[in-house]
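In my numbering, the protein residues as written are 4 to 419.
Here the structure comes first, spelled out in structure tokens, and everything after it is commentary.
This is the structure in structure tokens:
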């Protein structure tokens, strides 16, 4: 019983000290564990002894300087004796010495490269020896015969060039040349000039024309479109009152609506042409010519009336109502406001501009002008063949002053 009480007390003591496994009673009685010893000593921290502290040796500066001076005096050839390796490194050194030495590697730089011989395609025994060259004695040139020497002498003599007739000089005045040819009875050839015969220009004639005409054309076009809208309302009212079959447009009403705008466009375009002539030649602007009569107003009005009459005639069939006829007439006005009026006004402005260019060039002393093309010229435009004509004359026969059509974009410049 006392023994069981003793074991119980010892188990509680060991559990308190952190030991949970107690299996050997004899060991507990005779050989206590390390944890048991800590419990008996009454402490929870174990003190471990350390190595003694070694104070570092101080280095004298004078001794260090003497050592450096001594090493310098010894020279580079005398190397100081290497210190003996420590005892701890002896095993490593012995292990390295016991390793087998690597096989010697041949020095690549000292060895000569091996000769690489190409594969022989033929048997060396069958290869024929090259035949020795036989030097032939130089043959002496045979003496030339007297006939051959005379022939060579005649060939060496350079023949004198034959005088060529000078080309006939072209007359500077093609009109005078044509009159002289007509008086002599010879046929007169029509002079055809290429676009390259234009004189040297200070500015691009197409850029100058567009820059001067576009503001005038746009301002006139806006006013004409307003007049077209007013005329459309008046025509539709007349159709409603007069009836489908009895309506006939009044030319005076249309002429009065467009006369001021188109006439002003022509006058301003002529002045712009005179200004353009001065710009492309690099001279002062001359005095513009007096305003001339123009057919631009009548051409514009006639084109619009012709379209209205055709549309009314096609729509006013027997049994047709007023709505159908009014729709056909309104379609004509809509087409003119969209595109047709702009095309016709541009053609009228360019025609007046070119007349101003020719008049301005004449005032500046230019005698001949030529038409230059832009795009594809029409058959009636002189730019198609590059024809030139005098400033005071009309364009060549069969042609008209550009633009020949509303789509023509050619212009007129001084000829060289």
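Even glycine gets a Cβ: it sits at the ideal position worked out from N, Cα and C.
In this text, all values refer to a predicted model and were calculated from it rather than measured experimentally.
For residue i, the residue or residues it bridges with in DSSP
| i | result |
| --- | --- |
| residue 371 | 393 |
| residue 414 | 375 |
| residue 201 | 418 |
Euclidean distance between Cα positions of residue i and residue j
| i | j | result |
| --- | --- | --- |
| residue 262 | residue 300 | 6 Å |
| residue 186 | residue 418 | Here residue 186 scores only 46 on pLDDT, less than 50, and its place in the model is too uncertain to base an answer on. |
| residue 225 | residue 329 | 24 Å |
| residue 268 | residue 223 | 7 Å |
| residue 408 | residue 383 | 8 Å |
| residue 416 | residue 233 | 40 Å |
| residue 360 | residue 286 | 13 Å |
| residue 250 | residue 389 | 48 Å |
| residue 66 | residue 76 | 15 Å |
| residue 258 | residue 203 | 43 Å |
| residue 201 | residue 321 | 60 Å |
| residue 336 | residue 366 | 42 Å |
| residue 399 | residue 319 | 45 Å |
| residue 372 | residue 387 | 14 Å |
| residue 265 | residue 205 | 31 Å |
| residue 341 | residue 368 | 42 Å |
| residue 184 | residue 255 | With a pLDDT of 44 at residue 184, under the threshold of 50, the predicted position of this residue should be treated as unreliable, and no value is reported. |
| residue 8 | residue 17 | 14 Å |
| residue 73 | residue 61 | 20 Å |
| residue 317 | residue 282 | 50 Å |
| residue 237 | residue 310 | 16 Å |
| residue 290 | residue 404 | 22 Å |
| residue 274 | residue 354 | 12 Å |
| residue 370 | residue 393 | 6 Å |
| residue 412 | residue 327 | 38 Å |
| residue 221 | residue 297 | 20 Å |
| residue 229 | residue 235 | 10 Å |
| residue 208 | residue 410 | 18 Å |
| residue 248 | residue 260 | 25 Å |
| residue 11 | residue 5 | 10 Å |
| residue 308 | residue 241 | 15 Å |
| residue 245 | residue 312 | 15 Å |
| residue 63 | residue 71 | 13 Å |
| residue 352 | residue 210 | 15 Å |
| residue 334 | residue 239 | 12 Å |
| residue 381 | residue 302 | 20 Å |
| residue 100 | residue 14 | Note that residue 100 has pLDDT 45, beneath the 50 cutoff, so the model's placement of it is unreliable and the number below is only indicative. Near 60 Å, if we compare the C-alpha coordinates of residue 14 and residue 100. |
For residue j and residue i, believed in contact at Cβ under 8 Å, the rounded distance
| i | j | result |
| --- | --- | --- |
| residue 377 | residue 414 | 7 Å |
| residue 323 | residue 243 | At roughly 14 Å, the Cβ-Cβ gap does not stay under 8 Å, so residue 323 and residue 243 are not in contact. |
| residue 385 | residue 374 | 4 Å |
| residue 395 | residue 280 | Residue 395 to residue 280, Cβ: 15 Å. No contact. |
8 Å Cβ cutoff met for residue i and residue j
| i | j | result |
| --- | --- | --- |
| residue 315 | residue 332 | yes |
| residue 347 | residue 306 | yes |
| residue 219 | residue 253 | no |
| residue 227 | residue 391 | no |
| residue 277 | residue 284 | no |
| residue 212 | residue 356 | yes |
| residue 406 | residue 350 | yes |
| residue 231 | residue 339 | yes |
Please specify which runs of the alpha helix (DSSP H), each continuous and at least 4 residues long, are wholly inside the segment 235-308, giving them in chain order.
-> 254-284
Runs of beta strand (DSSP E) wholly within the segment 332-364 (minimum 3 residues, chain order) = none
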